[in-house]
Amino acid sequence: MKHIDKQGPTLRILTYNVHRWLGTDRKISPGRIADVIAACEPDIVALQEVRVGRVHAGEADQGAQVASRLGMDMHFQPTIRILGEQYGIAILTHHQSKLVKAERLPTHSPGPSFEKRSGLWVSVEMDGHRVQVINAHLSLRSRERRAQAAALVGGDWMGHPDCGDPAILLGDFNAPPYSRSYRLIANRLRDAQLSNPAGEPQPTFHTRAPVLRLDHVFVTKSVEVVSAAPVRSPLTRVASDHFPLQAELRVHSRSQAVKAGQAPAPEDELL
């Protein structure tokens, strides 16, 4: 990890829908996903469609296998539980971290939902600064997705007093930039790809023919975007149906330094 003068730490963050470790070649390979992540050398990783548990008797837990291979701690929130296996979202990091919240997002399903869409909020300490990171994977249903997007920028998540600047909201939102769900979030936070000084926003889905920008990194005002773009390589084209989206971010001095017994002061606004 790099440091820039007195501006606070520079961090590399990655969001990646790993498609249950299933590649476009129809092979299940947690190790291949770990190789993709390791090549990016991120400080923090947000994963969606994470499969945790043993697919076959005698095999290692897949989520634990990836975290161990990367030397990262993993926070996991299941959205599906079935036959001893779990499936959901995760945040991994090398740095000291604390789970703040892991809860379901709003649903409009009339009955019990098979997949319980959720948010996962982790506080990560880097060089005396706390960075709030929220990972989410939103619904395929437009009305439900809008409710979930509104919740994420509302008082229970990004607008919560404990989620002060600097903060990052990222994940697979199933929401291209022309959608109402995307605009609900982009009106409150900055889209890292739109703030990228190095080029135009690029689609993240599908890896065989990328046409949709569904995966996003949103940041609060004290976070400077150094770069943001999908990671495209021969390996990422086959490892999942989504490209990983990587952002290099610089946290400025507006963020509160962590002192013993002192929590960061809350922010009045997100932008």
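Numbering (numbering that gives the first Met the number 0), first residue to last: 0 to 270. Virtual Cβ for every residue (Gly too), placed ideally from N, Cα, C.
Endpoints, alpha helix (DSSP H) assigned at residue i
i: residue 27; result: From DSSP, residue 27 is part of no alpha helix (DSSP H); its letter is neither H nor E.
i: residue 271; result: This structure cannot settle anything about residue 271, because the visible part of the chain is limited to 0 through 270.
i: residue 98; result: Counting along the chain, residue 98 falls outside any alpha helix (DSSP H), though it belongs to the beta strand (DSSP E) covering 95-103.
i: residue 235; result: 235-238
i: residue 82; result: Where residue 82 is concerned, there is no enclosing alpha helix (DSSP H), given that its DSSP letter is neither H nor E.
i: residue 183; result: 179-185
Candidates the options, of which the one nearest residue i by Cα
i: residue 213; options: 196, 170, 247; result: 170
i: residue 236; options: 249, 251, 207, 166; result: 207
i: residue 196; options: 19, 246, 168; result: 246
i: residue 205; options: 65, 80, 93, 243; result: 243
i: residue 94; options: 83, 119, 128; result: 128
i: residue 9; options: 126, 122, 133; result: 126
i: residue 68; options: 47, 96, 37; result: 37
i: residue 13; options: 217, 251, 221, 21; result: 217
i: residue 198; options: 135, 134, 224, 114; result: 224
i: residue 186; options: 173, 115, 35, 220; result: 220
i: residue 222; options: 240, 215, 241, 188; result: 188
i: residue 114; options: 134, 120, 138; result: 138
i: residue 77; options: 60, 117, 96, 100; result: 117
i: residue 142; options: 164, 173, 133, 119; result: 173
i: residue 156; options: 210, 136, 99; result: 99
i: residue 211; options: 119, 183, 175, 240; result: 175
i: residue 248; options: 23, 97, 168, 182; result: 168
Beta-carbon contacts of residue i that lie in its chain and below 8 Å, excluding the five residues immediately before and after
i: residue 40; result: 11
i: residue 71; result: 44, 91, 92, 93
i: residue 25; result: none
i: residue 101; result: 74, 76, 117, 118, 119, 120
Residue i, enclosing beta strand (DSSP E) - first and last residue
i: residue 232; result: Looking at the DSSP string, residue 232 is not in any beta strand (DSSP E), and its letter there is neither H nor E.
i: residue 122; result: 117-125
i: residue 15; result: 9-16
i: residue 46; result: 43-51
i: residue 247; result: 244-250
i: residue 107; result: It is not in any beta strand (DSSP E) - residue 107 carries neither H nor E in the DSSP assignment.
i: residue 218; result: 214-218
Proximity test, residue i beta-carbon vs the ligand FMN heavy atom, cut-off 7 Å
i: residue 102; result: Of the ligands one can find in the structure shown there are none, so the ligand FMN has no counterpart to examine.
Proximal residues to residue i (C-beta, below 6 Å), its chain only, five neighbours per side dropped
i: residue 84; result: 52
i: residue 131; result: 122, 162, 166
i: residue 31; result: 238
i: residue 0; result: Model confidence at residue 0 stands at a pLDDT of 49, short of 50, so the residue's coordinates are unreliable and nothing is read from them.
i: residue 46; result: 15, 17, 89
i: residue 179; result: 145
i: residue 29; result: 20, 61, 64, 65
DSSP bridge partner residues for residue i (one or two, in chain order)
i: residue 114; result: Beta-bridge pairing links residue 114 to no other residue.
i: residue 134; result: 119, 169
i: residue 76; result: 88
i: residue 143; result: None, per the DSSP bridge assignment.
i: residue 190; result: 217
i: residue 241; result: 204
Cβ shell of residue i (< 7 Å), same chain only, five flanking positions each side left out
i: residue 35; result: 234, 235, 238, 243
i: residue 251; result: 6, 7, 221, 223
i: residue 150; result: 104, 105, 156
Kindly confirm or deny that the region 140-151 and the region 95-107 touch, where touching means at least three C-beta pairs closer than 8 Å. yes
Segment contact, 8 Å Cβ cut-off, at least three pairs: the region 40-51 with the region 77-90: yes
Please determine if the region 189-196 and the region 220-229 are in contact, where contact requires at least 3 C-beta pairs separated by less than 8 Å. yes
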